[in-house]
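K.L.:
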Amino acid sequence: MFKNIKLKNKFLIMILTTVLLVGFIGMFSTDGLHQSKKAIKFELSINKTNVEKSMNSIKNIIQLRFITFKVNKNLNPNYTPAQYEEARKTVNDAYINARKPLEIALENLDPKTSSDLLVIIEDCVNKVDNFYNEFMLLLNYHEQGKYEYVTQTDQRAAKLGDELFEVAYNIPNVNFSRMVSNLDVTLNAMTTRALTLIILTIICILFSLIFGINLSNTIRKPIEKLKDAAYRVLKGDLDLDIRTNNRDEIGELSNSIANMSDTIQYIIDDINNLSEKLEEGNTSYRINIDKYDGAFKNATEAINIATNDLVKDNLYVANIIKEIEQGIFNNEIK
Numbered sequence: 020m021f022k023n024i025k026l027k028n029k030f031l032i033m034i035l036t037t038v039l040l041v042g043f044i045g046m047f048s049t050d051g052l053h054q055s056k057k058a059i060k061f062e063l064s065i066n067k068t069n070v071e072k073s074m075n076s077i078k079n080i081i082q083l084r085f086i087t088f089k090v091n092k093n094l095n096p097n098y099t100p101a102q103y104e105e106a107r108k109t110v111n112d113a114y115i116n117a118r119k120p121l122e123i124a125l126e127n128l129d130p131k132t133s134s135d136l137l138v139i140i141e142d143c144v145n146k147v148d149n150f151y152n153e154f155m156l157l158l159n160y161h162e163q164g165k166y167e168y169v170t171q172t173d174q175r176a177a178k179l180g181d182e183l184f185e186v187a188y189n190i191p192n193v194n195f196s197r198m199v200s201n202l203d204v205t206l207n208a209m210t211t212r213a214l215t216l217i218i219l220t221i222i223c224i225l226f227s228l229i230f231g232i233n234l235s236n237t238i239r240k241p242i243e244k245l246k247d248a249a250y251r252v253l254k255g256d257l258d259l260d261i262r263t264n265n266r267d268e269i270g271e272l273s274n275s276i277a278n279m280s281d282t283i284q285y286i287i288d289d290i291n292n293l294s295e296k297l298e299e300g301n302t303s304y305r306i307n308i309d310k311y312d313g314a315f316k317n318a319t320e321a322i323n324i325a326t327n328d329l330v331k332d333n334l335y336v337a338n339i340i341k342e343i344e345q346g347i348f349n350n351e352i353k
């Protein structure tokens, strides 16, 4: 009976069964999840501000590097003093935006509980300052026409930018590490309750796995059979036994391939029969195209047309030969 269910309905049954099991587990562990949510929410609320500020700092630092890259790319010997001043202002604004969140973080962090984070942020501030100062020096050299120093300064600025990125990317890592450490304390208190949930989850997974394997076999084996059948048809073997009584999509596909194979075999048989009839001298015999549809009908009709032309040409040649045998040579051969 399961074999005659449509694939869509099979998957629907599997999904509904899984949903029911998951729902049962969810109801069973509602209280535990509620308590866990409260504890985790408390820990996340403590670290949320620091994480957001660190991510904002990285965004501003990336913006600073992008702006300096863009300004550096656009520099040329034809720059006017006003353009250099505009470039300095653009870079300075980006520098202030990059530094400000770091300064706020330094003011708000508690040295007793966030000493590791303070060290990284202070280092990041120093890197931002060094990168900014180096790029400003590059602008000065370029404006003064000291191009021999521009390349060296640009290389130093690029190196400082890479070091700045490396330090900045460590800020959220430290924040996340501190958050994970605090969550570990909360999660340890949930271990006993979680064990029950794990056991129920394992039961759900096993049930779903068994159901999934069974569903997989009902799909995989017929598909492998269809694959083998298609390969055999490709090799010219049309003697297939893939018909099935299953009413799902794969069963319908199997029967369709079997019908296609039979149709091809019928056409081959008709062509062989036509060839035999022509050899016997029955020039009026043709393939019955009414028993075919679509492209198959068009193909057999084309064969009949080609046969008509062939018979016509043969009869014409035979008639010419007959006239030649009778001594008539005044006809032109087309």
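Going from the sequence shown to our numbering is simple: count from 1 and add 19.
Just so it is clear, CB atoms sit at the ideal spot from N, CA and C, and this is done for glycine as well.
Please report the residue range of the alpha helix (DSSP H) in which ILE139 lies.
P.N.:
That run of the alpha helix (DSSP H) goes 134-163.
K.L.:
Could you tell me which of THR109, SER200, ILE123 and ASP312 sits nearest to ILE283, measuring between CA atoms?
P.N.:
Considering only alpha carbons, the answer is ASP312.
K.L.:
The alpha helix (DSSP H) with ASP112 in it runs from where to where?
P.N.:
Per DSSP, ASP112 belongs to the alpha helix (DSSP H) from 100-127.
K.L.:
Within its chain, find whatever has a CB closer than 7 Å to the CB of HIS161; leave out the 5 residues flanking it on each side and keep chain order.
P.N.:
Closer than 7 Å at Cβ, skipping near neighbours: LEU94 and VAL169.
K.L.:
Check whether the Cβ atoms of ALA249 and ILE276 sit closer than 9 Å, and answer yes or no.
P.N.:
For ALA249 and ILE276, yes; Cβs fall inside 9 Å.
K.L.:
So, is VAL186 buried or exposed, given that buried needs 16 or more other C-beta atoms within 10 angstroms?
P.N.:
With 16 or more other Cβ atoms within 10 Å, it is buried.
K.L.:
If you check the beta carbons only, do LEU158 and ALA113 fall under 9 Å apart?
P.N.:
No. Outside cutoff.
K.L.:
Would you be able to state if there are at least three C-beta pairs under 8 Å between the stretch 191-205 and the stretch 71-80?
P.N.:
Yes: at least three Cβ pairs fall under 8 Å.
K.L.:
How many angstroms separate the CA atom of ARG212 from the CA atom of ILE222?
P.N.:
C-alpha separation (whole angstroms): 16 Å.
K.L.:
My assumption, with CB atoms under 8 Å, is that ILE80 sits in contact with ALA117. Please give the rounded CB distance.
P.N.:
About 5 Å separates the two Cβ atoms, so the contact holds.
K.L.:
So does the stretch 319-331 actually touch the stretch 281-298, counting three or more Cβ pairs closer than 8 Å?
P.N.:
Because the criterion of three Cβ pairs below 8 Å is met, the stretch 319-331 and the stretch 281-298 touch.
K.L.:
Roughly how many angstroms separate the alpha carbons of GLY231 and MET209, rounded to a whole number?
P.N.:
One C-alpha to the other measures close to 31 Å.
K.L.:
State yes or no: is the C-beta of LYS146 within less than 9 Å of the C-beta of GLU182?
P.N.:
Their beta carbons are under 9 Å apart, which means LYS146 touches GLU182 by this criterion.
K.L.:
Which of helix, strand or coil does DSSP assign to LYS131?
P.N.:
Reduced to three states, the DSSP call for LYS131 is coil.
K.L.:
If I measure Cβ to Cβ from TYR304 and keep anything under 6 Å in the same chain, skipping five residues before and after, which residues do I get?
P.N.:
Answer for TYR304: LYS296, listed in chain order.
K.L.:
Suppose you measure from the CA of SER235 to the CA of LYS60; what does that come to, to the nearest Å?
P.N.:
Those two C-alpha atoms are separated by around 40 Å.
K.L.:
Pick from SER273, ILE229, LEU219 and ASN152: whose alpha carbon is nearest that of LYS240?
P.N.:
Nearest C-alpha to LYS240: SER273.
K.L.:
Check whether chain B comes within 9 Å of VAL144, counting only Cβ atoms and requiring the distance to be less than that.
P.N.:
The displayed structure is made up of one protein chain only, and chain B is not part of it.
K.L.:
If we ignore side chains and look at the alpha-carbon of each, how far apart do PRO100 and ALA176 end up?
P.N.:
For PRO100 and ALA176, the distance between alpha carbons rounds to 22 Å.
K.L.:
By the three-class DSSP mapping on this structure, what secondary structure does ALA176 have?
P.N.:
It is helical.
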